[in-house]
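Going left to right, the sequence shown walks through residues 28 to 257 as this note's numbering numbers them.
We put the CB at the ideal spot given by N, CA and C, even for glycine.
Small disclaimer: the values here were computed from a predicted structure and weren't measured.
Structure, as structure tokens:
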Amino acid sequence: MHGLAAAALACALALAGPAQAQSEAPQVPAGVAVIDQGRLITDTAMGRALEQRFQAASRALIAENREIEAALEAEERALTVRRANIEPTEFRRLAAEFDAKVEGIRNAQEAKSRTLTRQRDEERQRIVEQALPILARLMQDREALVLIDRASVVISRDAADITDEAIARLDALTPQAPEAEAAPEPAETPEGEAAPSGPGALLPPVSVPPAVGTAPETPDDRPQSPAATP
């Protein structure tokens, strides 16, 4: 009986040694670094220059839309005036051609807006790609194994955030871009309301009264306003 107890004690002592040694061994770093991807784009010199270019292009597209709108309004008024002097069949043909023209212009302007937004997204992605080597070096300096976006973090120490340092290093490696030329602010509508702010803002409805001495137009033969086209 005493022999079994002594053997069990000896085994316990033998196992305790390696376990204690293992607990005292140095641990592999398992730190986590945090990055604010939004600030990495908007707060860098490249990101600010990109946003200035995008806003200038957006204002130019809005101004272009306004010019097109004015031209279409004039064309619609002229067509309505002609209604009193042409056959109803001819008027409906001209109105259909006008509607098709408006739809084509609408599609073209919307395509410009989508292209502008896509180009901004692609350039933002390139900024992130240029920052990847910098982020890798910062992770190595911090002995971090994981880098996560701040939007996914519930709580963290400020020391874990490497955004400011990443922005500073990225700016140091890139030449300062010239300031974008300021484009004129969008004009206001005749009613005094601000013009649509989006680059792909569509032309608003145009209310055209019937020509003097003519009967009110029916939905079938009235030229559609730019925004009323399905």
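Starting from residue i, trace the alpha helix (DSSP H) in both directions and tell me its first and last residue.
| i | result |
| --- | --- |
| Ala-127 | 115–169 |
| Ile-95 | 72–109 |
| Ile-189 | Ile-189 -> no alpha helix (DSSP H), and no H or E assigned at all. |
Please state whether DSSP places residue i in a helix, a strand or coil.
| i | result |
| --- | --- |
| Asp-198 | helix |
| Ile-68 | helix |
| Glu-218 | Below a pLDDT of 50, predicted positions are generally treated as unreliable, and Glu-218, at 39, falls in that range; no measurement from the model is reported. |
Might you give, ordered along the chain, the residues of its own chain that have their beta carbon closer than 7 Å to the beta carbon of residue i, omitting 5 neighbours on each side?
| i | result |
| --- | --- |
| Thr-74 | Sequence check: residue 74 is Gly here, not Thr. Ile-68 and Ile-154, listed in sequence order. |
| Leu-174 | Ala-60, Ile-62, Leu-162 and Met-166 |
| Asp-176 | Ile-62 and Gln-64 |
Does the beta-carbon of residue i have 16 or more other beta-carbons within 10 angstroms, so that it is buried, or is it exposed?
| i | result |
| --- | --- |
| Glu-96 | buried |
| Leu-99 | buried |
| Asn-92 | buried |
| Ala-123 | exposed |
| Arg-151 | buried |
| Glu-103 | buried |
| Arg-120 | exposed |
| Glu-218 | For Glu-218, the predicted structure reports a pLDDT of 39, less than 50, and the residue's modelled location is therefore unreliable. The matter cannot be settled from this model. |
| Arg-110 | buried |
| Leu-159 | exposed |
| Ile-89 | buried |
| Ile-132 | buried |
Within the same chain, show all residues whose beta-carbon is closer than 6 Å to that of residue i, passing over the 5 residues directly before and after it, in chain order.
| i | result |
| --- | --- |
| Ile-194 | Asp-70 and Thr-71 |
| Arg-196 | Ile-161 |
| Ala-84 | Leu-143 |
| Asn-134 | none |
| Arg-147 | Phe-81 |
Let's see if you can read the secondary structure: which residues bound the beta strand (DSSP E) around residue i?
| i | result |
| --- | --- |
| Val-180 | Unbroken run through Val-180: none, as it is neither H nor E. |
Leaving out five residues on either side along the sequence, give the residues of the same chain with a beta carbon under 8 Å from the beta carbon of residue i.
| i | result |
| --- | --- |
| Asn-112 | none |
Looking at the C-beta of residue i, does it have a partner C-beta in chain B at a distance below 8 Å?
| i | result |
| --- | --- |
| Gly-131 | The structure shown contains no chain B; it holds only a single protein chain. |
Confirm the yes/no value for this check: CB of residue i, any heavy atom of the ligand FAD, distance under 7 Å.
| i | result |
| --- | --- |
| Asp-185 | Ligands are entirely absent from the displayed structure, and the ligand FAD is therefore not among its contents. |
Exercise. Decide yes or no for the touch test of the segment 137–153 against the segment 161–180: beta carbon pairs closer than 8 Å, at least 3 of them.
Key: Touching, no, given that fewer than three Cβ pairs across the two stretches are closer than 8 Å.
Practice problem: Spell out a yes or no on whether the segment 183–200 and the segment 63–82 are touching, meaning 3 or more CB-CB pairs, one atom from each, closer than 8 Å. | Solution: The segment 183–200 is in contact with the segment 63–82.
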